[in-house]
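Heads up: the sequence shown at position 47 corresponds to 47 in full-length UniProt numbering, and the numbers run straight through without jumps.
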Amino acid sequence: MIKIWQFTGAVALCIASVAHSEEHRVVLTGFSYFPSVVYAQPGDSVIFINESGEEQTVVGRDTGWVVGPLGDQQEGQLTINEETELAFFAAYAAEEDDDTDETSPNSEYGDYDEAPIKAEITFDEPNLSGS
């Protein structure tokens, strides 16, 4: 009877570990994201908190996901999975290209390569050694 209880307890512990997810917070200041690197795993969520004083929209690199628009002091959530675009930026108004009369490829939100505020999510473990 004791062995069955130990086995059941071990299985329950394994299931609880797999089901665990974390919540990460990113503050939008208007000038940057803090932190600029989020160490997460699939199943985790990222809460974006707008403390910029103006409306903000957070966009995945290729606009695969969008959080916002978020008014000042509002929060928005993104749940991470294996397919989530990990690089993200603050949406901005894209300007027309004078040579082609077209806007950048992601014109609704601007273009990642031109964005002044960028950050990322990584599945890597954080380097806590300082080196």
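Even glycine gets a Cβ: it sits at the ideal position worked out from N, Cα and C. Computed from a predicted structure; not experimentally measured.
Self-check item: Whole alpha helix (DSSP H) elements within the stretch 21-63, 4-residue minimum
Solution: The stretch 21-63 contains no whole alpha helix (DSSP H) run of 4 or more residues.
Practice problem: Give me whichever residues DSSP pairs with GLY130 in a beta bridge. | Solution: Listed as beta-bridge partners of GLY130 by DSSP are no residues whatsoever.
Practice problem: Out of THR79, PHE123, ALA90, point me to the one whose CA is closest to GLU23's CA. | Solution: Closest option to GLU23, Cα to Cα, is THR79.
Quiz item: In the DSSP assignment, what are the bridge partners of PHE88?
Solution: The bridge partners DSSP lists for PHE88 are GLY60, ALA119.
Quiz prompt | ALA91 versus SER32: straight-line alpha-carbon distance, rounded | solution = Each residue's alpha carbon lies about 12 Å from the other.
Self-check item: Spatial distance of GLN73 from GLU82 (CA atoms)
Solution: Cα to Cα, GLN73 sits roughly 29 Å from GLU82.
Self-check item: Extent of the continuous beta strand (DSSP E) to which GLN77 belongs
Solution: Start and end: 75-79.
Practice problem: Give the C-beta separation of VAL67 and PHE48 to the nearest angstrom, bearing in mind that I take them to be a contact with Cβ-Cβ under 8 Å. | Solution: That pair is a contact at about 5 Å.
Exercise. Return the CA-CA distance between ALA115 and GLU55, expressed in angstroms with no decimal places.
Key: Those two C-alpha atoms are separated by around 16 Å.
Quiz item: Just the Cα atoms here: how many angstroms apart are GLY53 and GLY30?
Solution: The alpha-carbon separation between GLY53 and GLY30 amounts to approximately 8 Å.
Quiz item: Is the CB-CB distance between residue 136 and VAL58 below 8 Å?
Solution: One cannot answer for residue 136 here, as it falls past the ends of the chain, which runs 1 to 131.
Exercise. Pick out whichever of GLN77, ASP62, GLY43 has its Cα sitting closest to the Cα of ARG25.
Key: The shortest C-alpha to C-alpha distance from ARG25 to any of GLN77, ASP62, GLY43 is the one to GLN77.
Quiz item: Just how far apart, CA to CA, sit GLN41 and GLU125?
Solution: For GLN41 and GLU125, the distance between alpha carbons rounds to 9 Å.
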